[in-house]
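There are 2 protein chains.
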Amino acid sequence: MKRPTIIDIAREVGVSKAAVSYALNGRGGVSPETRDRILDVAADLGWRASSAARALSSDRAATVGVVLARSPEVLRTEPFFMQVVAGLEQTLSAHGFSLQLALASDPATELETYRRWWAERRVDGVLLTDLRVQDPRPALLRELRVPAVFFGTERPMAGIPVLWVDEHDIADSAIGHLAALGHRRIGHVQGPEELRHTARRKRELRRAAAEFSGVTLVPDRGDYTESGGVAATARLLDAPEPPTAIIFDNDVMAVASVARAEELGVRVPAELSVLAWDDSMLCRVVRPAITAFSHDVGAAAASAALMLLELIETGVADDSRLQPRKLIARASTAAASG
Amino acid sequence: MKRPTIIDIAREVGVSKAAVSYALNGRGGVSPETRDRILDVAADLGWRASSAARALSSDRAATVGVVLARSPEVLRTEPFFMQVVAGLEQTLSAHGFSLQLALASDPATELETYRRWWAERRVDGVLLTDLRVQDPRPALLRELRVPAVFFGTERPMAGIPVLWVDEHDIADSAIGHLAALGHRRIGHVQGPEELRHTARRKRELRRAAAEFSGVTLVPDRGDYTESGGVAATARLLDAPEPPTAIIFDNDVMAVASVARAEELGVRVPAELSVLAWDDSMLCRVVRPAITAFSHDVGAAAASAALMLLELIETGVADDSRLQPRKLIARASTAAASG
DNA sequence: TTGAAAGCGCTACCAT
DNA sequence: ATGGTAGCGCTTTCAA
Numbered sequence: 005m006k007r008p009t010i011i012d013i014a015r016e017v018g019v020s021k022a023a024v025s026y027a028l029n030g031r032g033g034v035s036p037e038t039r040d041r042i043l044d045v046a047a048d049l050g051w052r053a054s055s056a057a058r059a060l061s062s063d064r065a066a067t068v069g070v071v072l073a074r075s076p077e078v079l080r081t082e083p084f085f086m087q088v089v090a091g092l093e094q095t096l097s098a099h100g101f102s103l104q105l106a107l108a109s110d111p112a113t114e115l116e117t118y119r120r121w122w123a124e125r126r127v128d129g130v131l132l133t134d135l136r137v138q139d140p141r142p143a144l145l146r147e148l149r150v151p152a153v154f155f156g157t158e159r160p161m162a163g164i165p166v167l168w169v170d171e172h173d174i175a176d177s178a179i180g181h182l183a184a185l186g187h188r189r190i191g192h193v194q195g196p197e198e199l200r201h202t203a204r205r206k207r208e209l210r211r212a213a214a215e216f217s218g219v220t221l222v223p224d225r226g227d228y229t230e231s232g233g234v235a236a237t238a239r240l241l242d243a244p245e246p247p248t249a250i251i252f253d254n255d256v257m258a259v260a261s262v263a264r265a266e267e268l269g270v271r272v273p274a275e276l277s278v279l280a281w282d283d284s285m286l287c288r289v290v291r292p293a294i295t296a297f298s299h300d301v302g303a304a305a306a307s308a309a310l311m312l313l314e315l316i317e318t319g320v321a322d323d324s325r326l327q328p329r330k331l332i333a334r335a336s337t338a339a340a341s342g
Numbered sequence: 005m006k007r008p009t010i011i012d013i014a015r016e017v018g019v020s021k022a023a024v025s026y027a028l029n030g031r032g033g034v035s036p037e038t039r040d041r042i043l044d045v046a047a048d049l050g051w052r053a054s055s056a057a058r059a060l061s062s063d064r065a066a067t068v069g070v071v072l073a074r075s076p077e078v079l080r081t082e083p084f085f086m087q088v089v090a091g092l093e094q095t096l097s098a099h100g101f102s103l104q105l106a107l108a109s110d111p112a113t114e115l116e117t118y119r120r121w122w123a124e125r126r127v128d129g130v131l132l133t134d135l136r137v138q139d140p141r142p143a144l145l146r147e148l149r150v151p152a153v154f155f156g157t158e159r160p161m162a163g164i165p166v167l168w169v170d171e172h173d174i175a176d177s178a179i180g181h182l183a184a185l186g187h188r189r190i191g192h193v194q195g196p197e198e199l200r201h202t203a204r205r206k207r208e209l210r211r212a213a214a215e216f217s218g219v220t221l222v223p224d225r226g227d228y229t230e231s232g233g234v235a236a237t238a239r240l241l242d243a244p245e246p247p248t249a250i251i252f253d254n255d256v257m258a259v260a261s262v263a264r265a266e267e268l269g270v271r272v273p274a275e276l277s278v279l280a281w282d283d284s285m286l287c288r289v290v291r292p293a294i295t296a297f298s299h300d301v302g303a304a305a306a307s308a309a310l311m312l313l314e315l316i317e318t319g320v321a322d323d324s325r326l327q328p329r330k331l332i333a334r335a336s337t338a339a340a341s342g
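From first to last, the protein sequence lines are chains A and B.
My numbering puts the first residue of the first sequence at 5, with every later residue one more than the last.
My numbering puts the first residue of the second sequence at 5, with every later residue one more than the last.
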């Protein structure tokens with residue numbers, strides 16, 4: 005069963021290739037009757053445009069690329085990425101686009117992937133996340149003139165549309181929640197330093213802490229992994245004056261640290277309150293369940309995809325703002341014991 | 005900066021298109037010197053073959069497709085799928101292939117996706133998982149003559165290479181572990197009925213239970229989700245003669261059920277032992293940590309990808325067997341209290 | 001309204 | 001060893 009081409013259809017109907025192409029693309033230039041006959045035959049034959057041929061002649065791959073640039077361990081454990089993939093795929097496929105996916109273990113590989121994709125005309129645009137400090141990606145993509153959308157950045161970026169988050173209000177909400185419970189010394193186990201929003205969150209939390217007089221923020225370094233989070237927590241709790249609450253930059257570190265804290269005899273939330281910046285099943289199923297900032301990642305990814313499609317289509321796309329996260333209070337945050 | 009083509013290279017070097025194509029594909033038919041000059045110029049220009057042009061003329065997309073056919077909820081919460089994606093992508097990209105990904109919420113959509121991909125010549129083959137009862141996919145793919153590899157099936161399949169698992173020994177191991185701890189009545193919260201391996205596991209567990217005289221297996225239906233698992237657990241525990249141990253077909257149901265059981269006053273493992281068929285971070289971080297069957301999903305996906313590449317390349321691929329799962333004993337299984 | 005024909009970039013066959 | 005050249009399947013321009 006050979007796969008049919010427009011030539012087969014043309015022969016069958018008794019018209020030219022061009023007529024078939026017009027009819028199939030709803031482009032006018034064919035009489036209604038021939039159009040219908042062409043569509044009928046195409047359907048009968050189960051015809052579908054060859055993606056390669058169409059890409060070659062239209063110079064459009066109808067594909068969008070995403071590089072997941074995190075360690076395999078983080079990719080596996082963080083539901084975040086699958087939600088992104090799912091949100092993107094659903095939106096893209098609804099618009100006739102495909103998703104090209106790649107993993108990259110280091111920044112150089114990631115850059116090389118964009119170069120290759122673009123040179124091979126494999127993608128019409130790319131979606132980026134996790135803006136880093138001194139991030140080389142925007143410059144490269146601008147230079148290559150690759151349509152790109154950044155999502156989850158802190159603010160607008162020259163030449164690249166962004167879907168940005170405002171960490172200001174969230175920081176207020178986090179500190180406000182804990183301060184209201186009587187916490188005065190609050191730890192903050194951060195994500196990787198190289199991520200731009202890590203610094204941003206720290207700054208906003210510090211600002212928010214300053215506004216609630218008497219609240220001190222004690223930052224420490226995590227890396228989004230279980231072990232990194234646990235180590236940071238141990239350092240905070242070992243200090244001469246340990247915090248009575250800790251804010252974790254992701255769910256994995258929060259959950260792992262709670263388990264570890266309890267093994268060390270520190271009861272949560274009686275002696276230590278815990279708040280996670282990302283929500284997920286992890287936070288819901290552990291005991292105590294963890295207070296978290298929830299966020300519809302799939303929907304955010306879907307919006308980013310729409311922005312990118314618009315950019316590809318029209319050449320421009322407006323920045324837009326992510327829905328703010330919501331605080332989901334659970335059992336891991338309670339009144340300070342002191 | 006227009007993207008260069010082989011014509012640009014040919015002009016620059018002063019040879020024909022064909023010579024350039026030969027040189028770039030290492031195909032002989034060009035003198036070493038011209039070959040080198042061509043490669044130099046190509047590198048200088050940053051040339052990359054247009055994927056569409058190559059696909060069109062070679063009739064090879066250099067792409068493999070995977071449809072993730074589960075509900076968004078399961079996709080999000082089960083680390084399994086991201087591991088599959090990661091394992092596939094790494095292997096494929098190492099061989100110059102890409103991964104085409106799609107989601108499908110129902111079987112009809114999944115079938116339609118294969119039809120479309122194949123008709124559009126978008127993929128050279130597909131990878132399948134989760135063989136269902138009365139699964140229409142093998143027949144369709146055979147009919148379409150799409151190279152395909154099934155992975156995680158229970159046994160060989162006519163016309164389609166499989167990467168199969170032997171649940172026999174695992175079942176022995178599961179029942180053996182619990183029987184040795186003194187459990188005589190063991191619950192089994194299954195996965196969705198429509199999955200072929202659900203029935204298979206049940207059968208193997210029952211067989212194994214029969215072999216350890218005195219052990220009774222009490223199966224109940226789950227669906228891999230938190231709520232489904234919790235409901236099944238509640239039914240089991242509400243029975244006149246509740247089991248002292250429960251085997252869960254995945255980690256999500258196990259973890260959610262432990263949390264729920266404890267809320268109901270059933271202590272784990274003192275009053276109820278719990279064993280999960282899949283291991284993941286979830287099982288490690290909750291307290292008590294959950295005894296589980298661990299399994300290198302990424303490696304399995306990588307093998308499946310290699311099989312598919314071989315099938316695409318040579319037209320044949322041998323069946324192969326998955327590495328058996330390993331029992332990771334943790335705190336959730338302990339001696340029966342009775 | 002219709003059809004012929006020129007690409008799109010690459011592969012591969014056939015002369016030279 | 002080298003260079004024309006004919007496709008691959010589709011889009012699109014230009015005549016008819």
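Cβ coordinates follow ideal geometry from the N, Cα and C atoms, glycine included.
Keep in mind the model is a prediction, meaning the values are calculated, not measured.
Cβ pair residue i, residue j closer than 8 Å
i, j, result
"residue 255(A)", "residue 224(A)", "no"
"residue 80(B)", "residue 87(A)", "yes"
"residue 60(B)", "residue 13(B)", "no"
"residue 327(B)", "residue 253(B)", "no"
"residue 278(B)", "residue 261(B)", "yes"
"residue 128(A)", "residue 52(A)", "no"
"residue 174(A)", "residue 142(A)", "no"
"residue 54(B)", "residue 125(A)", "yes"
"residue 211(A)", "residue 157(A)", "no"
"residue 2(A)", "residue 171(A)", "It is not possible to answer for residue 2(A), since the shown part of chain A is limited to 5 through 342."
"residue 22(B)", "residue 38(B)", "no"
"residue 18(A)", "residue 26(A)", "no"
"residue 57(B)", "residue 302(B)", "no"
"residue 251(A)", "residue 178(A)", "yes"
"residue 323(B)", "residue 166(B)", "yes"
"residue 336(A)", "residue 248(A)", "no"
Proximal residues of chain A, C-beta to C-beta of residue i below 9 Å
i, result
"residue 54(B)", "59, 60, 123, 124, 125 and 126"
"residue 257(B)", "Those do not exist, as residue 257(B) stays about 10 Å from chain A at its closest Cβ, beyond 9 Å."
"residue 271(B)", "Correct list: empty, because the minimum Cβ distance to chain A is about 12 Å."
"residue 263(B)", "288, 289, 290, 291 and 293"
"residue 65(B)", "55 and 56"
Residue i: contacting residues in chain A (beta-carbon distance under 7 Å)
i, result
"residue 50(B)", "123"
"residue 260(B)", "289"
Residues that residue i contacts on chain B, provided the C-beta gap is smaller than 7 Å
i, result
"residue 266(A)", "291"
For residue j and residue i, believed in contact at Cβ under 8 Å, the rounded distance
i, j, result
"residue 78(A)", "residue 229(A)", "7 Å"
"residue 102(B)", "residue 66(B)", "7 Å"
"residue 294(B)", "residue 329(B)", "Contact doesn't hold; Cβ gap of about 14 Å is too wide."
"residue 259(B)", "residue 287(B)", "7 Å"
Contacts that residue i makes with chain B (C-beta to C-beta distance below 8 Å)
i, result
"residue 286(A)", "285, 286 and 289"
"residue 107(A)", "90, 93, 94 and 97"
"residue 41(A)", "Under the 8 Å cutoff, chain B gives no residues; its nearest Cβ is about 20 Å from residue 41(A)."
"residue 7(A)", "122, 123 and 125"
Per-residue contacts from residue i into chain B (C-beta, under 9 Å)
i, result
"residue 120(A)", "52"
"residue 334(A)", "Near residue 334(A) there are no residues of chain B at all, since even the closest Cβ is about 12 Å away, more than 9 Å."
"residue 304(A)", "Here the premise fails: no neighbours, minimum Cβ distance about 14 Å."
| What residues from the segment 320-332 of chain B come within 8 Å of chain A, judged by C-beta to C-beta, listed N to C? | Those residues of the segment 320-332 of chain B that come within reach of chain A (Cβ to Cβ, closer than 8 Å) do not exist; the list is empty.
| Looking at chain B, which residues of the segment 73-103 of chain A have a Cβ within less than 8 Å of any of its Cβ atoms? | 76, 79, 80, 81, 83, 85, 86, 87, 89, 90, 93, 94, 97, 102 and 103
| Using 8 Å as the threshold, is the segment 149-157 of chain B in touch with the segment 177-187 of chain B, meaning 3 or more CB pairs across them? | no
| query | Hey, is the segment 288-307 of chain B in contact with the segment 104-121 of chain B, meaning 3+ C-beta pairs nearer than 8 Å? | reply | With the cut-off at 8 Å, the segment 288-307 of chain B and the segment 104-121 of chain B do not touch.
| request: May I ask you to verify whether the segment 63-75 of chain A touches the segment 34-54 of chain A, counting CB pairs closer than 8 Å and requiring at least 3? | output: no
| said: Count Cβ pairs between the segment 187-196 of chain A and the segment 219-233 of chain A that sit closer than 8 Å; are there 3 or more? | reply: yes
| Between the segment 125-159 of chain B and chain A, which residues of the former have CB atoms less than 9 Å from a CB of the latter, in chain order? | 125, 126, 147, 148 and 149
| field | Stretch-stretch touch, CB-based, cutoff 8 Å, three pairs: the segment 306-325 of chain B with the segment 114-133 of chain B | value | yes
| query | Looking at chain B, which residues of the segment 219-233 of chain A have a Cβ within less than 8 Å of any of its Cβ atoms? | reply | 230
| field | Selection of the segment 187-216 of chain B by Cβ proximity to chain A, strictly under 9 Å | value | For the segment 187-216 of chain B, which is checked against every Cβ of chain A, not one residue is closer than 9 Å.
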